[in-house]
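Numbering (full-length UniProt numbering), first residue to last: 1 to 254. Where is the CB? At the ideal position from N, CA and C, for every residue including glycine.
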């Protein structure tokens, strides 16, 4: 992060966010624990702001430190800003154990079996007929269930555990870990993470770690914290209510 520090980017972001949130610079300085005029004295690059100031001002402006230091927020499109906010909220809520992510293993997805009508039972998978590379001169035509990713199209294989999160209105978020169907060992470009949204009628890829510079690191961060979260015990909310009731009764009796 030190090597990527650009004081102009940070102070432009402070000005931009303060304006968006109707906050005065003087009030922001007070909330961040620095003297009045600190920002104007520091933004010319004569010296670097202290880490305590960076942490405090990021917290006051409700933005991650990484975004504050590295991302030119004023250059984002409205959709990019929306997705950035979404990803940061998902990361925060996952870290705080507020979200109930469910796991789908690579094996369970790579070997989905359609029913007699060709239904896969998964909104992101459908039966497709397409050509796949072979070891011989000509490709082979196959018909099978496939996740047609934004990154690799129908040449997509599931690389690792994937996760889904139930939202309101019968809508689901899917965090997919994928790779190219045929690729060289060790090729980093053959792997990707994609975030999808689906309801009863349609599906859409929201973003991936192969997208814009602003969004890509956040997709990686989200996958990392979801994997970490999945390694810890979870209690489903509808079941936790019964446990809460029991604990409250015991406390009341005491």
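### Query
When the Cα atoms are used, what is the spatial distance from residue 1 to residue 66?
Since pLDDT at residue 1 reaches only 36, below the 50 mark, its modelled position is unreliable, and the value read off the structure follows with that caveat. Rounded to the nearest angstrom, the two C-alpha atoms are 8 Å apart.
### Query
Between the segment 236-245 and the segment 77-94, are three or more C-beta pairs nearer than 8 Å?
no
### Helix, strand or coil at residue 180 according to DSSP, with G and I counted as helix
strand
### Task
Report yes if the C-beta distance between residue 193 and residue 219 is below 9 Å; otherwise report no.
yes
### Message
Quick check: the Cα distance between residue 71 and residue 9, rounded to an integer number of angstroms?
### Response
7 Å
### Message
Are the CB atoms of residue 23 and residue 76 within a distance shorter than 9 Å?
### Response
no
### Query
Based on the DSSP secondary-structure assignment, which residues constitute the bridge partners of residue 21?
Its beta-bridge partners do not exist; DSSP assigns none.
### Message
Report the start-end ranges of each alpha helix (DSSP H) in the segment 86-162 that is 4 residues or longer and not cut off at the edges.
### Response
106-110
### Query
In terms of residue numbering, what span does the beta strand (DSSP E) encompassing residue 195 cover?
191-198
#### Entry: Simplified DSSP assignment, three categories, for residue 30
helix
### Message
Contact between the segment 205-220 and the segment 49-56 is defined here as three or more beta-carbon pairs at a separation below 8 Å; is this criterion met?
### Response
no
### Task
In the DSSP assignment, find the alpha helix (DSSP H) that holds residue 202 and state where it starts and stops.
That residue, residue 202, is in no alpha helix (DSSP H); it is neither H nor E in DSSP.
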